[in-house]
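Everything on this sheet refers to the single structure shown next.
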DNA sequence: CTAGGGTTAG
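Numbering (full-length UniProt numbering), first residue to last: 1 to 622.
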């Protein structure tokens, strides 16, 4: 019987009858399916499958292929399509159930996989060794309380005789780790009769996910055969823990051990370079990529763009971007953010428009980047209208980060009342970042009344306000010359163990990182550095500037003095800081750039400062 | 079938 079905009406009624024959043309259809790359084509092929009438025997390859294709496609539309195909099958066999369960496990609605499993059990369809890894992947993807589900599936793994299956065990390790039960994960690991490399790597990843870097190291060191995944898991673990130097060291160890990095390893390492501001090391890796002819995928490309931008080399960032074959939203965002941190708001806006002209839609992160750009560049009106456009034009609901950007933007522009109104009208509860931004604005614009009012409200209502926030309050009391209040707030900070992060300024010379911490004299050339600083000090005094005691304890001065010693005249000095640059250091650096005719590029925790001829690119607003 | 990925900003 020939069934004529339009592509858009693919769903067979349950009463339809179909021939179960497999014939030569099914092979043809199969090859079509293999080449098929989008849903439209797929629907057309599907319609043909219907016409030929051999689609609904679960044992035919075309229908399995069809289902597998729909289930593995990333969008939810094709998964819905797969569900309809699945529903049209009379009594699906285990393989078919696994396919649709896998589809949901990898989707945004993994709970559907578990519902399907319940139906599978009700229909008495037996599980096989593939069923449990998919189900456990679904458990790992659950947004809330994955633990209960994981435990239940674990019980089934044992009950149905897969307790010694290494694939199921490895998946259990992962699922328990994601649920925060690292001890359970370890127990599963210990009981595997024949552990494979995935077992070990999953265990390392599990410890990292649970914040136990030390245990991860221990497992890693205990491995005899490490593959690229073992190394990369550790490298990205270090990056996630902010231990970027360790990450970079491990990358080199990996290469020394003869394991070749792949794209994932390179991405994590490039990210470490970006955090460190390690331009030379980053360039090295880029050269390695070119020499080995490694394909720059969208993520690797974005990582490179981001690295060059964060290391201060925007020209190269754009060069990499231009050469990228497929420029996704991440690559565009990396460029926009690059201009943001270099204080080039206009340029950021230009690229933001350019991105949309080439048909790429901005996402939440792009908006954080562009709103921050407006904030840094003092473009309040542009920022406000972009913020309003988020929901109206782009259908993106602003998150607390975007509100944070806006409070910062309004605050910098001196629009304190508007900033306060925005906070009051926010649909989410303001966090310490939001209040911190407003307090900082009160401090900058000397609106002490509002600052004190908010600060006191915070202390009363929110006992765990962060130190970051309360520091501004202490400053505000200082400006208001209310010394006993200042002392009181500072004492509270000590009580809450809010300690300021130690300032560190680093400079890279010939591929070696030199780190300077205020008051630390451990650098081998410390005598020379101090001599240099004394000379600088004298020159500054001649220019009419009197360095205060604060600057004598500053880590920037050590790095700059060292940079002046170690580089030839005319060479730009590049410094990376782990904190915001303080006002005094900023003033002094401007002056040094003029007196010594040196460009100094300083990256603080938030952005770049380009010092040249006594001026800074941030326009003294940061 | 199971393990490792970048872009906000703090």
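Each residue gets a CB set at the ideal place from its N, CA and C atoms; glycine is no exception.
Check: One or two residues paired with residue 506 in a DSSP bridge; Outcome: 515 and 576
Check: C-beta atoms of residue 133 and residue 94 nearer than 8 Å; Outcome: no
Check: Bridge-paired residues (DSSP) for residue 602; Outcome: 575 and 609
Check: Endpoints, the alpha helix (DSSP H) within which residue 338 is located; Outcome: 329-341
Check: Distance, residue 334 Cα to residue 24 Cα; Outcome: Confidence is the limiting factor: at residue 24 the pLDDT is only 43, short of 50, which leaves the residue's position unreliable and the question unanswerable from this model.
Check: Residues sharing a beta bridge with residue 615, DSSP; Outcome: 612
Check: Where the alpha helix (DSSP H) through residue 379 begins and ends; Outcome: Taken as a continuous stretch (DSSP letters only), residue 379 belongs to no alpha helix (DSSP H), as it is neither H nor E.
Check: Integer Cβ distance of residue 577 from residue 605, believed to fall under 8 Å; Outcome: 7 Å
Check: Assigned exposure category for residue 261 - 16 Cβ within 10 Å defines buried; Outcome: buried
Check: Coarse secondary structure for residue 146, derived from DSSP in three states; Outcome: helix
Check: Proximity below 8 Å, CB of residue 204 to CB of residue 233; Outcome: yes
Check: Alpha-carbon to alpha-carbon, residue 336 and residue 631; Outcome: Since the first residue shown for the chain is 1 and the last is 622, residue 631 is missing from the structure and cannot be characterised.
Check: Distance between residue 472 and residue 407 (C-alpha atoms, nearest Å); Outcome: 15 Å
Check: CA-to-CA distance, residue 560 to residue 524, given in whole angstroms; Outcome: 16 Å
Check: As assigned by DSSP and simplified to three states, the class of residue 318; Outcome: helix
Check: Local conformation of residue 525 per DSSP, three classes; Outcome: coil
Check: Cβ-Cβ distance between residue 607 and residue 180 below 8 Å; Outcome: no
Check: Between the CA atoms of residue 92 and residue 86 - distance to the nearest angstrom; Outcome: 8 Å
Check: Enclosing alpha helix (DSSP H) for residue 252 [first to last residue]; Outcome: 244-256
Check: Reduced DSSP category for residue 626 - H, G, I as helix; E, B as strand; rest coil; Outcome: The first residue shown for the chain is 1 and the last is 622, placing residue 626 beyond what the model contains.
Check: Alpha-carbon spacing of residue 200 relative to residue 551, whole angstroms; Outcome: 50 Å
Check: Range of the contiguous alpha helix (DSSP H) that encloses residue 134; Outcome: 131-141
Check: CB contact flag (residue 370, residue 396, <8 Å); Outcome: no
Check: Residues of its chain near residue 316, where Cβ-Cβ distance is below 7 Å and the 5 sequence neighbours each way are ignored; Outcome: 308
Check: Chain-order list of residues whose beta-carbon lies under 6 Å from that of residue 273 (same chain, five-residue window excluded); Outcome: 281, 282 and 307
Check: Alpha-carbon to alpha-carbon, residue 553 and residue 405; Outcome: 32 Å
Check: Given residue 154 as reference, the closest of 591, 533 and 188 once Cα atoms are compared; Outcome: 188
Check: Where residue 415 falls: helix, strand or coil (DSSP); Outcome: coil
Check: Residue 562 and residue 529 closer than 8 Å at C-beta; Outcome: yes
Check: Nearest candidate by alpha-carbon position, reference residue 474, set 526, 490 and 138; Outcome: 490
Check: Candidates 312, 107 and 98, of which the one nearest residue 80 by Cα; Outcome: 107
Check: Close Cβ partners of residue 365 (< 6 Å) along its chain, the five nearest in sequence each way excluded; Outcome: 333
Check: With 16 other Cβ atoms within 10 Å as the buried cut-off, status of residue 621; Outcome: exposed
Check: Counted within 10 angstroms of its Cβ, other Cβ atoms place residue 512 as buried (16 or more) or exposed; Outcome: exposed
Check: With 16 other Cβ atoms within 10 Å as the buried cut-off, status of residue 120; Outcome: buried
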